[in-house]
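Visitor: Sharing a structure here in structure tokens format.
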Amino acid sequence: MKTTLEQFGFTATINHHGAELVSLRKNNTEYIWEGNPEFWGKHSPVLFPIVGTLKENTYRHGGKQYHLPRHGFARDRVFELVSKTDATAVFSIASDPQTMAVYPFGFELQIIYTLTHQGLTIGYLVCNRSDETMPFAIGAHPAFALPGNFEDYHLEFEKNETPVYHLLENDLISNRTASLVLDNQKLPLDYALFANDALVFKKLESKSLTICKDDAPLLTVAFAGFPNLGLWTKPGAPFLCIEPWFSYADTPESNGELSQKEGILSLAPHGNFETKFSITIR
């Protein structure tokens with residue numbers, strides 16, 4: 002089942018499976034990747050309760066061992082549509098015996114989509130329904146359609162900086178780093194950038210990135226509340242993922258304790274956590 006929002010000249014469509022944004026359109030232009038499985042069969046999955054890959058897909062909590070797949074389970078769950086207006090839709094999942102078997106915490110996760118005059122805001126509300134502190138991560142994985150020649154596009158960073166990213170090794174975050182060389186805050190897109198998979202930034206001065214084509218801005222992703230970011234595509238694929246994150250994959254040195262995982266968040270018993278990012282169509 003899918004829900005569609007139409008307001009302010011924008012149309013957004015969300016699949017109840019994963020509460021995944023599958024389309025964002027304005028003036029018959031589609032800005033979200035179509036999900037062609039030849040390259041990557043998803044559009045914009047929600048990452049919860051982990052971001053990235055756990056070492057051996059395993060973690061420990063309370064003396065017990067658990068297994069979670071890469072990016073967690075939220076993207077594979079069917080969300081309930083809690084409320085809807087012309088411009089806003091709220092989706093929710095809550096803990097059940099199936100989630101408790103792999104993640105032993107009572108929780109509710111809400112995803113809030115809101116059309117604005119500029120584009121779309123995506124909000125996250127995480128509620129700890131348990132009597133103990135809940136370690137968790139949350140992240141976005143939107144893929145933006147880049148039709149035509151990939152090299153005709155570039156990214157414009159908000160700040161004039163030299164971004165440092167960590168390289169992945171076997172899907173884990175290594176200690177090896179590299180730097181991007183920006184030209185007047187601009188990074189030309191080239192598939193060679195992603196020869197070793199995603200670029201993972203533990204820290205960025207910029208809190209927004211703009212995709213441009215032939216020097217014309219197309220859209221801006223603003224992620225002021227998020228400390229981490231991933232950039233990713235596949236060789237030959239006509240899309241780019243700009244991924245605001247809280248936390249990231251394990252390091253090879255990880256001891257497996259979820260509460261000690263690098264970048265993990267801790268939510269107090271019966272506490273709430275809220276964050277959001279926005280997509281502005283230029």
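Start counting at 1 in the sequence shown, then tack on 1, and there's your number in the working numbering.
C-beta atoms are modelled at their ideal positions from N, C-alpha and C, and glycine is treated no differently.
Under 7 angstroms Cβ to Cβ from T117, same chain only, skipping five residues before and after it: list those, please.
Guide: Walking along the sequence shown from the start, residue 117 turns up at place 116. Cβ neighbours of T117 beyond the five flanking positions: F9.
Visitor: Are E286 and A141 close, meaning C-beta to C-beta below 9 angstroms?
Guide: Given that the chain is displayed from residue 2 to residue 283, the structure contains no residue 286 and the question cannot be resolved.
Visitor: Please state if the CB of A238 and the CB of F108 are separated by a distance shorter than 9 angstroms.
Guide: Taking the first residue of the sequence shown as 1, we reach residue 108 at position 107. Taking the first residue of the sequence shown as 1, we reach residue 238 at position 237. Result no, Cβ atoms of F108 and A238 do not sit closer than 9 angstroms.
Visitor: Using three-state DSSP, classify R177 as helix, strand or coil.
Guide: For the purposes of this step, residue 177 is identified with residue 176 of the sequence shown, where counting begins at 1. In the structure shown, R177 sits in a strand (DSSP, three-state: E or B).
Visitor: Specify the secondary structure class of F49 as computed by DSSP and reduced to three states.
Guide: Counting from 1 along the sequence shown, the entry for residue 49 is found at position 48. Looking at F49 - three-state DSSP - the assignment turns out to be strand.
Visitor: Using a 10 Å radius around the Cβ and a threshold of 16 neighbouring Cβ atoms, would you call Y192 buried or exposed?
Guide: In the sequence shown, the residue the question calls residue 192 occupies position 191. Classification for Y192: exposed.
Visitor: Considering only their Cβ atoms, is the gap separating F49 from F74 smaller than 9 angstroms?
Guide: Residue numbering aside, residue 74 sits at position 73 when the sequence shown is read from its first letter. Residue numbering aside, residue 49 sits at position 48 when the sequence shown is read from its first letter. In this structure, F49 lies closer than 9 angstroms to F74 by Cβ.
Visitor: Could you name the residues of the same chain whose beta carbon sits closer than 7 angstroms to that of T100, not counting the 5 residues immediately before and after it, in chain order?
Guide: For the purposes of this step, residue 100 is taken as residue 99 along the sequence shown, with counting starting at 1. Counting only Cβ-Cβ distances below 7 angstroms, and skipping sequence neighbours, we find F74.
Visitor: Looking at C-alpha atoms only, which residue of S96, M135 and D216 is the closest neighbour of E152?
Guide: Indexing the sequence shown from 1 puts residue 152 at position 151. Checking every option, the nearest Cα to that of E152 belongs to D216.
Visitor: Between which residues of its own chain and N273 is the CB-CB distance below 8 angstroms, once the five residues before and five after are set aside?
Guide: Here residue 273 refers to the residue found at position 272 of the sequence shown. Taken in chain order, the residues that qualify are L126, V127, C128 and N129.
Visitor: Give the C-beta separation of G64 and P46 to the nearest angstrom, bearing in mind that I take them to be a contact with Cβ-Cβ under 8 angstroms.
Guide: Residue 64 sits at position 63 when you count from the first residue of the sequence shown. Residue 46 sits at position 45 when you count from the first residue of the sequence shown. Wrong, their Cβ atoms sit about 31 angstroms apart, outside the cutoff.
Visitor: If we require 3 or more residues per run, which beta strand (DSSP E) segments fall completely within the region 188 to 271?
Guide: Correct list: 200 to 202, 209 to 214, 217 to 223, 229 to 233, 240 to 247 and 266 to 268.
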